[in-house]
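Numbering (my numbering), first residue to last: 68 to 433. Note that CB positions come from ideal geometry on N, CA and C, so glycine has one too. Computed from a prediction, not measured in an experiment: that's the story for all the values here. To start, the structure itself, in structure tokens.
Printed below as a string of structure tokens:
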């Protein structure tokens, strides 16, 4: 098992490089990059005496923007600007180097988690990501835990009572919940319970109240949970169906196996058969989906929820970076997302062996 884990860890490196390379080169050839973004902003002020770019905490470029002679440029917004000024902008953003050299510099910096500064926020990327982490971790962890803690027992109960009225009613409930988009449910919750039209039982925005730092620790915990109720309901209500049905079908498949009939013939109780024999086999496929579920909830699944409840997390940060072509933030978000996804897949394989020690990845890989 140790050799298998070591190989998987080593495989993360080329996989991560491949992911970064594909997205990096696509972003470089796509129109509307950071240079074009800034030039379009300067186009309206090209006749002014000076133009200034502020980034990284210092004024890095000051030039007579309107002194150009109309020299042709590959950038659409450069018309009428001094070519030397345009070159200074390209150098500031690192676009004065060949694309291959820029990619190698990115890999070298990311190997040490040096993500640089945001192009448009005057803040180191690491600080931006760390500041958004509490929101995304809160949403991702709680969403994944609630979905699994509800879906697995419900799926087991449905498998045991397959075909009963309980099975039919719960199937209708979870399928109906999955058919409701999370953002529509969020709107409904805001209207009903967050002061939209009826009552205001829950806060509308933020992860904590403004006076959170003045509260006692028990009150801080309650305040935090109070703010998380509506976002978590909107996030989790559609996540029960697939996992519940997956758990049910997995248990039904195992219950019909020969080893279950043998265990029952030996006189074991139904509970012992279900949780002593069926559980670890049926749970393998459920556990396999945990890493993807957690990473999806942590980074991508909460964008609209973050917007509606004013939760400034990684989803909103990545979306803004994509719109603004803020490449340092965008690629850092992608790098961390991909790295965590690859590591969580490895954790999922390790968890397989904890649930069922008979699984030997080492023998399968040889």
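key: Neighbourhood of residue 102 by C-beta distance below 7 angstroms, restricted to the same chain and skipping five residues each side   = 142, 156, 157, 160 and 162
task = List the DSSP bridge partners of residue 184.
result = 191
task = State yes or no: is the C-beta of residue 314 within less than 7 angstroms of the C-beta of residue 415?
result = no
Continuous alpha helix (DSSP H) stretch holding residue 285: start and end = 284-303
request  = Check whether the Cβ atoms of residue 318 and residue 226 lie closer than 7 angstroms to each other.
outcome  = yes
query = Using 8 angstroms as the Cβ pair cut-off and three pairs as the minimum, do the segment 211-222 and the segment 335-346 touch?
reply = no
message = Beta-carbon within less than 8 angstroms of residue 327's beta-carbon, same chain only, minus the 5 sequence neighbours each way: which residues are those?
response = 321, 340, 344 and 345
query = Assuming residue 362 contacts residue 404 under a Cβ cut-off of 8 angstroms, what Cβ separation, rounded to an integer in Å, is found between them?
reply = 7 angstroms
message = For the alpha helix (DSSP H) containing residue 236, name the first residue and the last one.
response = 232-246
request  = Whole angstroms is fine: what's the gap from residue 379's alpha carbon to residue 231's?
outcome  = 44 angstroms
request  = Kindly indicate which three-state DSSP category residue 388 falls into: helix, strand or coil?
outcome  = helix
task = Determine, using beta carbons only, whether residue 292 comes closer than 7 angstroms to chain C.
result = The chain inventory of the structure shown lacks chain C, comprising one protein chain alone.
inquiry  = Nearest by alpha-carbon distance to residue 105: which of 325, 376, 391 and 385 is it?
reply    = 391
key: Per DSSP, cross-strand counterpart(s) of residue 321   = Residue 321 is not bridged to any residue.
inquiry  = Checking the sheet assignment: what are the DSSP bridge partners for residue 97?
reply    = None, per the DSSP bridge assignment.
ask   = For residue 83, which of helix, strand or coil comes out of DSSP?
value = helix
task = Tell whether a beta-carbon distance below 7 angstroms holds between residue 397 and residue 389.
result = yes
message = Tell me which residue opens and which closes the alpha helix (DSSP H) that residue 177 is part of.
response = 166-178
At least 3 beta-carbon pairs within less than 8 angstroms: the segment 290-306 vs the segment 192-200 = no
ask   = Looking only at its own chain, which residues have a Cβ that is under 7 angstroms from the Cβ of residue 299, when we skip the five neighbours before and after it?
value = 209, 210 and 213
query = Which one of 78, 83 and 281 has the shortest CA to CA distance from residue 402?
reply = 83
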